[in-house]
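Only one structure is covered here, and it is reproduced in the block below.
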Amino acid sequence: MRAIILAAGMGTRLKPLTDNIPKSLVKVCEEPMAERQVRFLKEKGINDIIIVVGYMKEKFQYLEEKYGVKLIYNDKYDVYNNVYTMYLVRDYIKDCYITEADVYMVENFFQSKIDTSTYFIGMKENFEKEWIPKFDYKGNVNGIEVGPGSGYIMSGISYWSERDGKIIKDELETVIKAGNFDNVYWDDVIAKIISKLHVKVQKTRLHSWFEIDSIKDLNKAETIIKTLKR
């Protein structure tokens with residue numbers, strides 16, 4: 001089992017914090033988001049960790065030295081969305097966690113033993129635009145939508161089986177070869193082929209993770225986390 005952490009983005013909505021540091025190394029409650037993910041993965045015995053870097057790639061070298069992670073450079077981090085990042089690591093997806101590095105995990109819900117492709121999801125109220133998995137009463141995912149509402153949304157953390165990883169790799173190659181993928185996201189690829197995959201959802205506890213896209217998100221997350229610790 002391995003993990004791929006997507007950390008190539010520029011994080012423009014987190015300026016000025018990201019003027020001198022990558023978004024995923026912004027600290028939440030005194031710990032960089034990406035480093036916390038690495039630490040949590042290693043706690044579960046997952047040591048084969050790849051971080052795909054782009055913006056200020058040199059800032060991630062300490063994680064390579066401290067934890068033995070592998071860094072892969074996306075030289076087009078400022079051109080394409082994360083579908084190109086996933087294309088670069090397509091050969092590694094099998095039996096693999098995929099995480100977005102701007103997710104601060106309050107709790108470690110990584111699992112050492114998991115064999116079914118899984119979206120880790122959480123409850124959110126009154127959102128304007130989120131990735132929404134559609135699933136049946138058994139937790140089987142049968143569709144993915146983007147939009148507003150209240151309910152369960154994707155956390156940015158998922159696991160992909162060896163079988164599904166092969167299918168995803170082929171589709172990523174097809175998408176990139178076809179071109180015109182400037183506005184395509186990694187989750188768009190999954191949505192297109194969801195009927196070919198066997199994906200389930202796993203619900204996380206309330207406030208067990210926060211996606212940090214803006215200063216407002218950061219301040220809100222730290223306020224809630226500090227309240228929970230009281």
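Counting in the UniProt record's numbering, the sequence shown tops out at residue 230, every number present.
All C-beta atoms, glycine included, are put in the ideal place defined by N, C-alpha and C.
Quick caveat: nothing in here was measured; it's all calculated off a predicted structure.
* Separation of G165 from G54, as counted between CA atoms -> Residue mapping note: residue 54 aligns to position 54 of the sequence shown, counting from 1. Residue mapping note: residue 165 aligns to position 165 of the sequence shown, counting from 1. In a straight line, the C-alpha of G54 is about 23 Å away from that of G165.
* Asked: Based on the DSSP secondary-structure assignment, which residues constitute the bridge partners of C96?
  -> Position 96 of the sequence shown holds residue 96. In the DSSP output, where bridge partners are listed per residue, C96 has R2 and W160.
* Per DSSP, Y73 forms a beta bridge with which residues? -> Taking the first residue of the sequence shown as 1, we reach residue 73 at position 73. Answer is V53, bridged to Y73.
* So does the segment 50–69 actually touch the segment 77–92, counting three or more Cβ pairs closer than 8 Å? -> yes
* Asked: Looking only at DSSP bridge pairs, what is residue 250 linked to?
  -> There is no way to answer for residue 250, as the model of the chain reaches only from 1 to 230.
* Beta-bridge partners of F60, as assigned by DSSP -> As a first step, residue 60 is located in the sequence shown; it is residue number 60 there, counting from the start. Per DSSP, none; premise fails for F60.
* To do: Measuring alpha carbon to alpha carbon, tell me which of F210, D188 and D217 ends up nearest I168.
  => Within the sequence shown, numbered from 1, the residue matching residue 168 stands at position 168. Here the closest residue by C-alpha is D188.
* Asked: With I224 and S158 assumed to form a contact (beta carbons below 8 Å), what rounded beta-carbon distance in angstroms separates them?
  -> Residue mapping note: residue 224 aligns to position 224 of the sequence shown, counting from 1. Residue mapping note: residue 158 aligns to position 158 of the sequence shown, counting from 1. So it is not a contact: roughly 23 Å between Cβ atoms.
* Three or more C-beta pairs below 8 Å linking the segment 134–148 and the segment 41–50 -> no
* For L228, which residues from the same chain have a beta carbon less than 8 Å from its beta carbon, with the 5 sequence-adjacent residues on both sides left out? -> Stepping through the sequence shown from its first residue, residue 228 is reached at position 228. So the list reads V106 and H207, once near-sequence residues are dropped.
* Asked: Under three-state DSSP, which class holds K229?
  -> Counted from its first residue, the sequence shown places residue 229 at position 229. Here K229 sits in coil by DSSP.
* **Start-to-end residues for the alpha helix (DSSP H) that takes in M10** => Sequence index remark: in the sequence shown, residue 10 carries index 10 (1-based). Counting along the chain, M10 falls outside any alpha helix (DSSP H), and DSSP gives it neither H nor E.
* **Rounded C-alpha distance that separates R163 from V199** => By 1-based counting over the sequence shown, the position of residue 163 is 163. By 1-based counting over the sequence shown, the position of residue 199 is 199. For R163 and V199, the distance between alpha carbons rounds to 11 Å.
* From which residue to which residue does the alpha helix (DSSP H) around K42 run? -> Position 42 of the sequence shown, counting from 1, holds the residue named residue 42. K42 -> alpha helix (DSSP H) spans M33 to E43.
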